[in-house]
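Here the protein sequences line up with chains A and B, keeping their order. All residue numbers for the first sequence refer to full-length UniProt numbering, where the first residue is 1 and numbers rise by one. All residue numbers for the second sequence refer to full-length UniProt numbering, where the first residue is 1 and numbers rise by one. Where a beta carbon is used, it is the ideal one built from N, C-alpha and C, also for glycine.
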Amino acid sequence: MKAIGYLLQKEFLQIFRNRGMLPIIFLMPFIQLVILSNAATFDVKNVAFHLQDLDRTSLSRAFREQFTGSGWFLLTGESFAEGEAINQLVAGKADLVLVIPRDFEKELMSGAESRVQLVINAEDGFSAGVIQAYSNEIVQAFNRTLPAVLPGMQSGPAVREIVVKSSAWYNPELRYSDYMVPGILVILVTMVGLFLSGMNIVREKEIGTIDQINVTPLKRYQFITGKLLPFWIIGLGELTLGLLIARIGFDVPMLGSYPLIYLVAALYMLVVLGMGLLISTLTDSQQQAMFIAWFFMVIFTLMSGLFTSIESMPHWAQNMTMANPVRHFVDIMRRVMLKGAGIRDIALPLSILTADAALMLALALNRYRKVSN
Amino acid sequence: MGTAISLDGVEKSFGAVPALRNIALRVDEGELFGLIGADGAGKTTLIRILCTLLVADDGKAEVLGLDPVKEYRSIRSRIGYMPGTFSLYEDLSVEENLRFFATVFNTTVEENYELIRDIYSQLEPFRTRRAGKLSGGMKQKLALCCALVHRPDLLLLDEPTTGVDAVSRREFWEMLQRLKKQGITIVVSTPYMDEASLCDRVAFLQEGTLLAVDTPEGVTGLFTAPLFAVRAREKYRLLRELRGFEHALSAYAFGSSVHYADRRRSASAGEIRDHLEKRGLQDIVVEPVRPGIEDTFMALMKQGRGEGDD
Numbered sequence: 001m002k003a004i005g006y007l008l009q010k011e012f013l014q015i016f017r018n019r020g021m022l023p024i025i026f027l028m029p030f031i032q033l034v035i036l037s038n039a040a041t042f043d044v045k046n047v048a049f050h051l052q053d054l055d056r057t058s059l060s061r062a063f064r065e066q067f068t069g070s071g072w073f074l075l076t077g078e079s080f081a082e083g084e085a086i087n088q089l090v091a092g093k094a095d096l097v098l099v100i101p102r103d104f105e106k107e108l109m110s111g112a113e114s115r116v117q118l119v120i121n122a123e124d125g126f127s128a129g130v131i132q133a134y135s136n137e138i139v140q141a142f143n144r145t146l147p148a149v150l151p152g153m154q155s156g157p158a159v160r161e162i163v164v165k166s167s168a169w170y171n172p173e174l175r176y177s178d179y180m181v182p183g184i185l186v187i188l189v190t191m192v193g194l195f196l197s198g199m200n201i202v203r204e205k206e207i208g209t210i211d212q213i214n215v216t217p218l219k220r221y222q223f224i225t226g227k228l229l230p231f232w233i234i235g236l237g238e239l240t241l242g243l244l245i246a247r248i249g250f251d252v253p254m255l256g257s258y259p260l261i262y263l264v265a266a267l268y269m270l271v272v273l274g275m276g277l278l279i280s281t282l283t284d285s286q287q288q289a290m291f292i293a294w295f296f297m298v299i300f301t302l303m304s305g306l307f308t309s310i311e312s313m314p315h316w317a318q319n320m321t322m323a324n325p326v327r328h329f330v331d332i333m334r335r336v337m338l339k340g341a342g343i344r345d346i347a348l349p350l351s352i353l354t355a356d357a358a359l360m361l362a363l364a365l366n367r368y369r370k371v372s373n
Numbered sequence: 001m002g003t004a005i006s007l008d009g010v011e012k013s014f015g016a017v018p019a020l021r022n023i024a025l026r027v028d029e030g031e032l033f034g035l036i037g038a039d040g041a042g043k044t045t046l047i048r049i050l051c052t053l054l055v056a057d058d059g060k061a062e063v064l065g066l067d068p069v070k071e072y073r074s075i076r077s078r079i080g081y082m083p084g085t086f087s088l089y090e091d092l093s094v095e096e097n098l099r100f101f102a103t104v105f106n107t108t109v110e111e112n113y114e115l116i117r118d119i120y121s122q123l124e125p126f127r128t129r130r131a132g133k134l135s136g137g138m139k140q141k142l143a144l145c146c147a148l149v150h151r152p153d154l155l156l157l158d159e160p161t162t163g164v165d166a167v168s169r170r171e172f173w174e175m176l177q178r179l180k181k182q183g184i185t186i187v188v189s190t191p192y193m194d195e196a197s198l199c200d201r202v203a204f205l206q207e208g209t210l211l212a213v214d215t216p217e218g219v220t221g222l223f224t225a226p227l228f229a230v231r232a233r234e235k236y237r238l239l240r241e242l243r244g245f246e247h248a249l250s251a252y253a254f255g256s257s258v259h260y261a262d263r264r265r266s267a268s269a270g271e272i273r274d275h276l277e278k279r280g281l282q283d284i285v286v287e288p289v290r291p292g293i294e295d296t297f298m299a300l301m302k303q304g305r306g307e308g309d310d
C-alpha cells in the first residue's frame with residue numbers, strides 16, 4: 001500500500017509539473033463544452049430559398065408567404081424562366097427551390113388539385129430531410145387554410161381532419177444543448193482516460209525508466225494501480241467540472257441522481273483506462289500510442305450516437321455500436337440527466353459497460369509483462 | 001567465498017541474429033568484474049539477462065544462487081541495476097528520484113544512507129534540482145545512488161562511464177572500488193579497455209562470444225609474442241612497412257607510436273630498426289614493451305575473427 005501511495009504521489013507530481021499538459025487538462029472541459037455544444041446543432045435555420053412563382057396570383061402569393069414567414073427560409077432570389085431555378089441550386093445560391101405552376105390558383109379554384117415542385121439540395125442528407133419536413137408542414141398548414149378562401153368549398157360539409165399535435169418529451173423546448181452536453185461530457189472523460197493513461201506508460205518505455213521500474217520488487221498490480229489511478233481520479237474530476245459547467249453554464253436539467261452518474265463514470269473509466277493500458281503495451285513510442293488511440297477515438301465517437309442517431313445507421317453498424325462503450329455511456333448520461341432514469345432503466349447498457357471493463361482490463365493485464373523477450 | 005553469478009552455455013538470439021553464444025562464466029562474491037567489448041558485442045544483452053529483464057533462449061544461469069526465470073522476484077530485490085542510458089525521471093528532483101526508488105524497494109534513504117553518503121554528498125547541493133538539468137557526470141552519480149539505495153548484494157552497471165568526461169570516469173571507478181570494499185559484488189560493462197585493468201577480473205566479449213575470462217594480469221599473460229613500440233617520422237608509412245614485414249604478426253597504431261608484434265620469439269629491436277632503415281624511414285625508435293590489456297584484446301579479437309595467422 002505504501003508503494004502504491006508513493007507511486008501515486010510521484011505520478012501527480014509529474015502530471016502537475018508538466019507545463020504543456022496541465023492547462024489543457026483544466027481548459028479542455030470549458031472549451032469542448034462551450035464550442036461543441038453550441039456549434040453542434042441539428043437545427044436548420046435560414047435555408048437559402050429561391051422562388052419561381054409562375055402563377056403570380058393572390059393565392060400563390062399567400063402560399064409563398066407561408067414559406068417566407070416561417071422563419072426557416074430566407075428568400076435569396078426569384079426568377080421566372082424555367083431552368084433558372086436549377087441554375088441557382090447548382091451555383092450554390094439556394095438550397096431549396098419552390099416552383100409554383102402557372103395554373104396554381106385556377107386549378108385549386110376549380111376544385112382540382114395542384115402540384116408544386118420542391119427541389120432540395122441533398123448534399124447534406126440530414127439537412128435535406130429537415131428541410132423537407134419543414135416544407136411538408138408548411139404545405140399541410142396551407143392546405144388547411146384553403147376551405148376558407150376557396151369559394152367552391154365554402155358550402156361543402158365541414159371537413160373533419162385529424163390534427164397531429166406533437167409535444168417533445170424530456171426536452172420540451174428541443175434545446176440541442178440539453179441533448180449535446182451530456183454526450184460531450186462522455187467524450188471529455190474518454191479523452192482523459194484513453195490518451196493520458198496510454199501515453200503515460202509508453203513515456204516510461206521511451207525514456208527507459210520502465211526498465212528501472214521492472215527490476216524493482218514492485219508488483220504488477222501495484223505499478224498498474226499507481227499508473228491508472230491518477231487518471232481515474234482526474235477523469236472523475238473532469239466530469240465534475242463538466243457537470244458544473246453543464247448545470248450552471250448551460251442550464252442542462254439533471255433529473256436523475258448524481259451518485260448513479262458517478263457509479264457509471266467510475267466503471268466507464270475502467271474501460272477507457274484498460275484500453276489505454278492495452279495500447280501502451282502494444283506500442284513502443286508515444287507517437288504510435290497517440291495514433292492508435294485516435295483511431296479508436298474517432299470510430300467510437302462517430303459510432304456513439306452523439307452526432308448522428310444510431311437508429312438511422314444500417315443494421316450491421318447498429319449491431320457494431322453495441323460493443324462501443326462510448327455509445328452506452330452517452331446513452332446512459334442522456335437518459336439519467338434528461339429522463340431521470342434509475343439504475344433499473346439503464347441495466348442493459350450498464351451491464352455491457354461492465355463486460356467491456358472486465359474484457360479490457362483482462363486483456364491489458366495479460367499483455368503487460370515485466371520481462372521482455 | 002561464494003559464487004554471485006554462474007552461467008553455463010547461455011544463448012540468446014534476436015530473430016536470426018545471435019547476440020550471445022554459449023556463454024560460460026563465474027563471478028565470485030565481492031568481485032569487481034568487468035565485461036569488456038566493442039559496441040554490439042553482447043554486453044547489454046548479458047546484463048539484461050542477469051537482471052532478469054531478458055530471458056535466455058538456452059543454458060543455465062544462476063544469479064545470487066537463484067534462477068533468473070523462476071525466482072526473478074527474489075533476485076530483483078537484491079540487485080541494483082543501472083541501464084546504459086540515463087533512465088531516471090528527468091522531471092523529478094534529485095531527492096525525489098532517490099526517495100522514489102528507496103520506497104519502491106521498501107526502504108528509506110536514511111536506512112542505507114551510509115552506503116551512498118560518499119556519492120550523495122556531492123549531489124546534495126543540487127538536491128532540489130530536476131534530474132534532467134544535471135550534468136552528465138552528476139546524472140551518473142544519481143543513477144548509481146538510486147541503484148544502491150536498497151543496499152543490493154549485486155550491482156549490475158551497463159556502460160556507466162560511456163559519454164562521461166575523463167575526470168568523472170576516474171571518480172566513478174574510485175567509487176566502485178569503495179563499494180567493493182563494502183562487500184558488494186559489481187559487474188560493470190565498458191567499451192574502454194583502459195578501465196579493464198581496474199577490475200579484479202575481466203571477460204572479453206566479441207560478437208556474442210567470450211574470448212577470455214581472467215585477471216587483467218592473466219589476460220596480458222595470454223600475449224606471448226614479442227611486442228615493440230615503434231616510432232618514425234612518417235607514421236602512416238611506418239604502419240604500412242611494418243605490416244608488410246615478412247615476420248609481422250600484427251601492427252597497429254597505439255597512441256603516438258605503432259605497436260608491432262613479431263612472429264619469432266627471438267625478434268630484436270635492432271633487427272626491426274635495420275629493416276625500417278633499409279626501407280628509407282627516418283628518426284626510427286624501436287623499444288620492446290610489455291603488452292597491455294589493449295594489446296591483448298586486439299590480438300584476441302584478431303584470433304576471434306580467424307585472422308590470427310595472416
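- Task: Go through its chain and collect everything with a Cβ distance to E78 of chain A's Cβ below 6 Å, but skip five positions before and after it.
- Result: As a working note, residue 78 of chain A is residue 78 in the first sequence. L51.
- Counting only beta-carbon atoms, is F101 of chain B nearer than 9 Å to chain A? The residue labelled residue 101 of chain B in the question sits at position 101 within the second sequence. The beta-carbon of F101 of chain B is placed less than 9 Å from the nearest beta-carbon of chain A.
- Message: Helix, strand or coil for G235 of chain A? Go by DSSP, reduced to three states.
- Response: Within the first sequence, residue 235 of chain A is the residue found at index 235, counting from 1. Secondary structure of G235 of chain A (DSSP, three-state): helix.
- Closest Cα partner of L238 of chain B within the set B:W173, B:P216, B:G221 and B:E277: The count along the second sequence starts at 1 and reaches residue 238 of chain B at position 238. Ranked by Cα distance from L238 of chain B, the first of B:W173, B:P216, B:G221 and B:E277 is B:E277.
- Item | the stretch 204-222 of chain A contacting the stretch 77-88 of chain B, beta-carbon criterion three pairs below 8 Å | When Cβ pairs closer than 8 Å are counted between the two stretches, the stretch 204-222 of chain A is seen to touch the stretch 77-88 of chain B, the count reaching three or more.
- Query: Is it buried or exposed for E110 of chain B, if we count other Cβ within 10 angstroms and need 16 for buried?
  - Reply: Sequence index remark: in the second sequence, residue 110 of chain B carries index 110 (1-based). Residue burial annotation: E110 of chain B is exposed, with fewer than 16 other C-beta atoms found within 10 angstroms of its C-beta.
- Among the residues of its own chain, which have a CB less than 6 Å from the CB of H150 of chain B, if the five just before and after it don't count? For the purposes of this step, residue 150 of chain B is taken as the residue at position 150 of the second sequence. Cβ within range, chain order: F105 and T107.
- Start and end residues, alpha helix (DSSP H) containing N106 of chain B: For the purposes of this step, residue 106 of chain B is identified with residue 106 of the second sequence, where counting begins at 1. Premise fails: N106 of chain B is in no alpha helix (DSSP H) and is neither H nor E.
- Cutoff 7 Å; reference G308 of chain B; Cβ partners in own chain excluding five residues on either side: On the second sequence, position 308 is the one that residue 308 of chain B refers to. Legend: pLDDT at G308 of chain B = 41, less than 50; position of this residue unreliable, no value from coordinates given.
- Start-end ranges of the alpha helix (DSSP H) lying completely within the stretch 272-350 of chain A, minimum 4 residues: Counting whole runs of 4 or more residues, the stretch 272-350 of chain A contains the alpha helix (DSSP H) stretches 286-302, 315-321 and 325-334.
- In this structure, does DSSP put S155 of chain A in helix, strand or coil? On the first sequence, residue 155 of chain A is found 155 positions in, with the first residue counted as 1. At S155 of chain A the pLDDT is 46, less than 50, meaning the model places this residue with poor confidence; the figure from the coordinates comes in the next sentence. Reduced to three states, the DSSP call for S155 of chain A is coil.
- Is the distance from the Cβ of I138 of chain A to the Cβ of F250 of chain A below 9 Å? Your numbering for residue 138 of chain A matches position 138 in the first sequence. Your numbering for residue 250 of chain A matches position 250 in the first sequence. Going by C-beta atoms, I138 of chain A is not nearer than 9 Å to F250 of chain A.
- Work out the CA separation of G20 of chain A and I201 of chain A for me, nearest whole Å. Sequence index remark: in the first sequence, residue 201 of chain A carries index 201 (1-based). Sequence index remark: in the first sequence, residue 20 of chain A carries index 20 (1-based). When only Cα atoms are considered, I201 of chain A and G20 of chain A end up about 17 Å apart.
- Three-state secondary structure (DSSP) at Q117 of chain A? Numbered from its first residue, the first sequence carries residue 117 of chain A at position 117. Here DSSP, grouped into helix, strand and coil, assigns Q117 of chain A to strand.
- With DSSP run on the structure shown, which of helix, strand or coil describes G80 of chain B? As a position in the second sequence, residue 80 of chain B is number 80, starting the count at 1. When DSSP states are grouped into helix, strand and coil, G80 of chain B belongs to the strand group.
- Message: For P83 of chain B, would you say it is in contact with chain A, using Cβ-to-Cβ distances shorter than 9 Å as the test?
- Response: Reading the second sequence from its first residue, position 83 is the one you call residue 83 of chain B. Yes, P83 of chain B counts as interfacial toward chain A.
- Query: Is G2 of chain B buried or exposed, if buried means 16 or more other CB atoms sit within 10 Å of its CB?
  - Reply: On the second sequence, position 2 is the one that residue 2 of chain B refers to. Under the 10 Å beta carbon count, G2 of chain B is surrounded by fewer than 16 other beta carbons and is classified as exposed.
- Query: At what residue ranges does the stretch 262-292 of chain B contain a whole run of the alpha helix (DSSP H), taking only runs of 4 or more?
  - Reply: Taking only runs of at least 4 residues, the alpha helix (DSSP H) segments lying wholly in the stretch 262-292 of chain B are 269-278.
- chain B beta carbons: is any one of them nearer than 9 Å to that of T216 of chain A? Counting from 1 along the first sequence, the entry for residue 216 of chain A is found at position 216. Under the 9 Å criterion on CB atoms, T216 of chain A is classed as interfacial with respect to chain B.
- How far does the beta strand (DSSP E) with K60 of chain B in it reach, from first residue to last? Taking the first residue of the second sequence as 1, we reach residue 60 of chain B at position 60. That run of the beta strand (DSSP E) goes D58 to V63.
- What is the DSSP secondary structure of Y192 of chain B, reduced to helix, strand or coil? Your numbering for residue 192 of chain B matches position 192 in the second sequence. In the structure shown, Y192 of chain B sits in coil (DSSP, three-state: anything other than H, G, I, E or B).
- Query: Among all the DSSP beta bridges, which residues are the ones paired with K12 of chain B?
  - Reply: Position 12 of the second sequence holds residue 12 of chain B. Per DSSP, B:L20.
- Message: Mapping the DSSP letters down to three states, classify A203 of chain B as helix, strand or coil.
- Response: In the second sequence, the residue the question calls residue 203 of chain B occupies position 203. For A203 of chain B, the secondary structure class from DSSP, reduced to helix, strand or coil, is strand.
- Which residues does DSSP pair with R26 of chain B in a beta bridge? Residue numbering aside, residue 26 of chain B sits at position 26 when the second sequence is read from its first letter. Paired residue(s): B:S6.
- By how many angstroms is the C-alpha of L306 of chain A removed from the C-alpha of L282 of chain A? Here residue 282 of chain A is taken as the residue at index 282 of the first sequence, counted from 1. Here residue 306 of chain A is taken as the residue at index 306 of the first sequence, counted from 1. L282 of chain A and L306 of chain A: Cα-Cα distance of roughly 29 Å.
- Query: Helix or strand or just coil, what does DSSP make of I47 of chain B?
  - Reply: Along the second sequence, one-based indexing puts residue 47 of chain B at 47. Under the three-state reduction of DSSP output, I47 of chain B falls in the helix class.
- Query: Do the stretch 235-249 of chain A and the stretch 178-187 of chain A make contact, defined as three or more Cβ pairs closer than 8 Å?
  - Reply: Verdict: yes, contact present.
- Item | Burial state of A358 of chain A (16 or more Cβ within 10 Å) | By one-based count along the first sequence, residue 358 of chain A stands at place 358. A358 of chain A is exposed by the Cβ-count criterion.
- Message: Starting from T220 of chain B, trace the alpha helix (DSSP H) in both directions and tell me its first and last residue.
- Response: Taking the first residue of the second sequence as 1, we reach residue 220 of chain B at position 220. Looking at the DSSP string, the run of the alpha helix (DSSP H) that includes T220 of chain B is P216 to G221.
- DSSP three-state call for F100 of chain B: helix, strand or coil? Taking the second sequence and counting its residues from 1, one reaches residue 100 of chain B at position 100. F100 of chain B sits in a helix when the DSSP states are folded into three classes.
- Item | V130 of chain A - containing beta strand (DSSP E), residue span | Taking the first residue of the first sequence as position 1, residue 130 of chain A is located at position 130. Following the DSSP letters along the chain, one finds V130 of chain A in no beta strand (DSSP E) but inside the alpha helix (DSSP H) bounded by residues G125 to V149.
- Item | Test item: CB-CB of M269 of chain A and G198 of chain A under 9 Å | Along the first sequence, read from residue 1 onward, the residue named residue 269 of chain A stands at position 269. Along the first sequence, read from residue 1 onward, the residue named residue 198 of chain A stands at position 198. Cβ atoms of M269 of chain A and G198 of chain A: not closer than 9 Å.
- Mind listing the chain A neighbours of F105 of chain B? Cutoff is C-beta to C-beta under 7 Å, in chain order. Against the second sequence, residue 105 of chain B aligns to sequence position 105. Chain-order list of chain A residues neighbouring F105 of chain B: T216 and P217, by C-beta distance under 7 Å.
- With C-beta atoms as the reference, is E90 of chain B less than 9 Å away from R127 of chain B? Within the second sequence, the letter at position 90 stands for residue 90 of chain B. Within the second sequence, the letter at position 127 stands for residue 127 of chain B. Taking 9 Å as the Cβ cut-off, E90 of chain B and R127 of chain B do not qualify as a contacting pair.
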